[in-house]
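For the sequence shown, position 366 matches number 456 in this note's numbering, and the numbering has no gaps at all. Right, one structure below, let's go through it.
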Amino acid sequence: MKVPFFRTAITGDEEQYVHQVLHDGNSFAEKNFISKCENWFAENHGLNNFFLTKSCTHSLELAALTLGIETGDEVIMPSFAFVACANSIALRGATCVFVDVEPNTMNIDAAKIEAAVTPKTKAILTINYSGVACDYTAIKNIAQKHQLFVIEDNAHGTGAKQGENSLGSFGDISTFSFDHLKNISCGQGGGIAINNEKLLENFFVHYEFGTNRRNFFKGKENRYEWKNLGSNFPLSELNAAMLFSQLENIAKINGRFVQLWNLYFEKLSVLQTQNNIRLPKLSTDSHHNAHCFFMKAKNEEERDALICFLTAKEVSAQFHYTPLHNSEFGLTAGRFNGNDEFTSTESKRLLRLPLFYNMTDAELNHVASNVLEFYEADNC
Ligand SMILES: Cc1ncc(COP(=O)(O)O)c(C=O)c1O
């Protein structure tokens with residue numbers, strides 16, 4: 091049995107809306123599906139200023155522009171991160187200050203952030219790794235104390251909650267991804283939530299080509315002109331049509347991800363008990379969306395041997411982020427603050443198992459039994 095790492099969720103309902111856009115000449119101008127998606131986030135997650143973008147990468151760059159991050163500023167972030175997080179800061183000429191992760195969730199270790207704050211710090215950039223919230227009580231306390239902005243990268247966590255609060259509601263600005271590898275997808279797309287309303291006016295200028303076009307179309311200005319840096323950030327109506335269908339099916343899609351995640355956890359727990367592997371340890375009020383299932387082998391050698399073993403069985407398992415702080419460009423774009431206690435060692439142990447919406451129980455059993463076989467055969 092061949093098990094791919096990921097297949098984009100297609101529920102079958104997407105076609106109808108995409109068809110609608112293609113058969114209605116006015117759709118692209120009227121942006122009906124774009125409005126429906128943006129309203130959906132307001133109604134379902136209380137994100138009253140949610141806007142679609144072409145990708146989470148664009149959203150992160152837009153966040154940095156909106157916050158006026160510039161040369162001489164510092165932004166604190168985890169080094170175990172997607173490169174777009176650091177690029178968004180480096181593109182503005184600012185410095186990335188990398189902080190360690192905590193190993194249970196692989197999220198930034200909130201207890202290590204304050205030591206990295208300097209008079210140059212402008213923001214803290216967090217990632218809700220695999221759709222699990224960071225410790226926002228602690229992070230927001232630090233941000234408030236030092237007057238810093240929080241950029242919450244929620245690329246992984248659409249539909250997830252921490253207690254009663256939706257992921258994406260914690261940052262002054264939060265970003266989302268709907269690329270082909272996310273639970274909820276439109277092939278390629280992103281979102282941005284402006285939760286700090288004081289930032290809205292600035293945001294609209296950068297979002298719409300660096301102009302005051304929005305106010306012009308609302309009749310608030312006689313003409314529009316170039317006001318600041320900006321770009322063509324909004325998503326296309328065609329992608330929004332697919333996305334809206336997925337949002338309508340979010341309970342079904344994320345529900346299946348969670349069901350599969352729980353099955354993996356149940357089947358592989360025995361290996362954790364025997365001290366062979368480490369599984370994620372989440373707080374009881376984490377209503378995550380099971381974006382990915384990760385486990386940790388003893389060390390990099392064992393992790394790579396397991397990936398090879400699974401590949402030979404036609405199961406595609408993958409490692410994840412390579413730390414940014416000691417990458418070729420990271421060495422000049424930033425610095426690591428404090429001790430790298432977990433970032434390097436834990437990222438080398440980590441592997442992700444196949445997990446996708448239309449994965450069958452049989453496919454999951456096949457993957458899990460091969461992981462068990464690897465450890466039974468004492469390949470490590
Ligand atoms: C944490 C994180 N942020 C941002 C991105 C970029 O997302 P996109 O592909 O929508 O640009 C990714 C990509 O997977 C990611 O993992």
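Virtual Cβ for every residue (Gly too), placed ideally from N, Cα, C. Note that the structure is predicted; figures quoted are calculated from it, not measured.
Beta-carbon proximity check, residue i vs residue j, cutoff 8 Å
i: S117; j: E327; result: yes
i: I367; j: A380; result: no
i: I217; j: A184; result: no
i: R439; j: E390; result: yes
i: L358; j: A201; result: no
i: G277; j: M196; result: no
i: F172; j: Y411; result: yes
i: L462; j: L361; result: yes
i: D375; j: G253; result: yes
i: L400; j: N460; result: yes
i: P444; j: F96; result: yes
Residue i versus residue j - alpha carbon distance
i: F426; j: G420; result: 10 Å
i: A329; j: Y219; result: Correcting the residue identity first, residue 329 is Asn in this sequence and not Ala. C-alpha separation (whole angstroms): 25 Å.
i: A176; j: C186; result: 6 Å
i: N244; j: A213; result: 16 Å
i: Y314; j: N292; result: 15 Å
i: L112; j: S125; result: 17 Å
i: F446; j: R346; result: 8 Å
i: S364; j: D394; result: According to the sequence displayed, residue 364 carries Gln and not Ser. C-alpha separation (whole angstroms): 20 Å.
i: A180; j: S169; result: 14 Å
i: I397; j: D199; result: 28 Å
i: N163; j: K121; result: In the sequence as presented, Asn is not what sits at residue 163; that position holds Asp. In a straight line, the C-alpha of D163 is about 37 Å away from that of K121.
i: T161; j: A423; result: 12 Å
Residue interval of the beta strand (DSSP E) (run including residue i)
i: C186; result: T185 to V189
i: D243; result: F239 to D243
i: S264; result: I263 to S267
i: F426; result: G424 to F426
i: I214; result: T211 to I217
i: I282; result: G280 to I284
i: T143; result: F140 to T143
i: K40; result: The requested residue 40 is not part of the displayed model; the chain covers only 91 to 470.
i: L440; result: L440 to L443
Contact test: residue i Cβ vs ligand 1 heavy atom, cutoff 7 Å
i: C127; result: no
i: F172; result: yes
i: G277; result: no
i: D190; result: no
i: A245; result: yes
i: T363; result: no
i: D269; result: yes
i: T98; result: no
i: G249; result: no
i: C224; result: no
i: C146; result: yes
i: G102; result: no
Limits of the alpha helix (DSSP H) - the one that residue i falls within
i: A395; result: E390 to A402
i: K230; result: Y226 to H236
Assumed close pair residue i, residue j - CB separation to whole angstroms, cut-off 8 Å
i: H296; j: L155; result: 4 Å
i: G249; j: I274; result: 7 Å
i: N352; j: A99; result: The pair is not a contact, with the Cβ atoms about 18 Å apart (cut-off 8 Å).
i: T101; j: K272; result: About 14 Å separates the two Cβ atoms, so there is no contact after all.
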